[in-house]
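Be aware that the sequence shown starts at 7, since it is given in the numbering used here, and climbs by one per residue.
Even glycine gets a Cβ: it sits at the ideal position worked out from N, Cα and C.
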Amino acid sequence: MEYAYVNARIKAMKSRLLDRSLLEQLINKPDIDTLITELEKTTYREELEKAGVLYSGINRIEVAIRKDLVKTFRTILNLIRGGDSERYVTIILNRWDVQNIKTILRGKKIQENPSEILECLIPAGELDEAALTELVKQPDVKAVIDLLATWGVVYARPLTANFKEFADSGDMLVLEYALDTFYYQDAMSKLKGGESDDARILKSILVTEIDINNIKTVLRAIRDRIDTEEAKRYFVQGSPDFDAAKLLSIMKSGTIEGALKLLERTPYQFISKIPPEYIAAEKISAFEKELERYLVKKSVALFLGDPLSIAIPIAYIWAKYTEVTNIRVIARCKLTEVPEKELREALISV
């Protein structure tokens, strides 16, 4: 892999990402129309023009930024075709397949409008927009899983194996945990024995994701007073520092405050700095947001890593995803006239 050329191209793409001042201009726009006008001055212009043929308002923005993101990720993948590099970047992109399948399954469980589900999807993995559209058209959870199986999509395996338990309990966590476990075990198996810098960089990001998923599970279990044995079923394995025993010891503290105290000597101590009123109210969403920001910051910080490694492509993928997420947040907040303070709190800052 000729990283010098590839990463020079990616750094040029990075220079076209929206900087803080441009993001501020978007935040300060009074409505959707002026937001679109401002976005037309950026790299999103081409996709906004295409989307404008069929869509208007926030739908035009949603379609344009989604198409731009997918096009950008495809460019990255085409730059690094062949060898371990392609396989490693595909692992990162496949996390969006998992996220999209979860979103579709949740939507089908509550009988959400298909168009509403589709708007929440990011076709950045191997399941493209056409495939996701077909999945969204399915009448229920079972039909979605059956279609994935018909297509030979690997994620049908854990879903099929765990469907009966889901059908009996109605608990979507059963299927979500099965997907997460399959994804991370499959990803780690592809990195097993890998001693290269690229393998170590990717493994570090994956372990952080596993830690964050498990910490979220622990905090939710404490809030919902779930039995430790029941919660333990949903711990994803793969982290050397946060094994089941450590996670259980945190959970057995019995309170959010106690759990935060036990996290103080770990890389995740920052969540103990969340305002006391959120801790007292057990507002788990606030902790989840901070954990997600940490993952994004750690991933984007790879721009400072070895310029002759996979660090730069991974950093760019996360930076671009963050930019699109922030634009989506701003657009939705403008549409519903959310106060600026709440809008800013919802953004992912890097």
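Quick check on residue i: does DSSP put it in helix, strand or coil?
{"i": "leucine 24", "result": "coil"}
{"i": "asparagine 219", "result": "helix"}
{"i": "lysine 258", "result": "coil"}
{"i": "asparagine 34", "result": "coil"}
{"i": "tyrosine 300", "result": "helix"}
{"i": "cysteine 126", "result": "coil"}
{"i": "alanine 287", "result": "coil"}
{"i": "phenylalanine 309", "result": "helix"}
{"i": "valine 150", "result": "helix"}
{"i": "glutamine 144", "result": "coil"}
{"i": "aspartate 203", "result": "helix"}
{"i": "aspartate 39", "result": "helix"}
{"i": "isoleucine 280", "result": "coil"}
To the nearest angstrom, how far is it from the Cα of residue i to the Cα of residue j?
{"i": "methionine 257", "j": "phenylalanine 248", "result": "12 angstroms"}
{"i": "leucine 253", "j": "leucine 353", "result": "29 angstroms"}
{"i": "glutamate 270", "j": "valine 95", "result": "32 angstroms"}
{"i": "arginine 226", "j": "valine 180", "result": "15 angstroms"}
{"i": "valine 160", "j": "valine 344", "result": "40 angstroms"}
{"i": "aspartate 134", "j": "isoleucine 107", "result": "12 angstroms"}
{"i": "tryptophan 102", "j": "leucine 297", "result": "18 angstroms"}
{"i": "glycine 89", "j": "glycine 244", "result": "24 angstroms"}
{"i": "leucine 60", "j": "lysine 196", "result": "42 angstroms"}
{"i": "isoleucine 232", "j": "phenylalanine 293", "result": "18 angstroms"}
{"i": "lysine 340", "j": "isoleucine 64", "result": "9 angstroms"}
{"i": "lysine 222", "j": "isoleucine 67", "result": "31 angstroms"}
{"i": "lysine 143", "j": "valine 104", "result": "18 angstroms"}
Any idea if residue i is buried or exposed, counting beta-carbon neighbours within 10 angstroms, 16 or more meaning buried?
{"i": "lysine 47", "result": "exposed"}
{"i": "alanine 173", "result": "exposed"}
{"i": "threonine 139", "result": "exposed"}
{"i": "threonine 109", "result": "buried"}
The alpha helix (DSSP H) spanning residue i covers which residue range?
{"i": "asparagine 4", "result": "As displayed, the chain neither begins before 7 nor continues past 356, which places residue 4 out of reach and without an answer."}
{"i": "threonine 166", "result": "162-175"}
{"i": "leucine 99", "result": "89-115"}
{"i": "glutamate 351", "result": "346-352"}
{"i": "aspartate 399", "result": "One cannot answer for residue 399 here, as it falls past the ends of the chain, which runs 7 to 356."}
{"i": "asparagine 119", "result": "Here asparagine 119 belongs to no alpha helix (DSSP H), and DSSP marks it neither H nor E."}
{"i": "glutamate 329", "result": "317-341"}
{"i": "arginine 51", "result": "51-57"}
Check the C-beta distance from residue i over to residue j and give it rounded, since I have them as a contact under 8 angstroms.
{"i": "isoleucine 211", "j": "tyrosine 190", "result": "The Cβ separation is near 11 angstroms, so there is no contact."}
{"i": "proline 129", "j": "valine 76", "result": "5 angstroms"}
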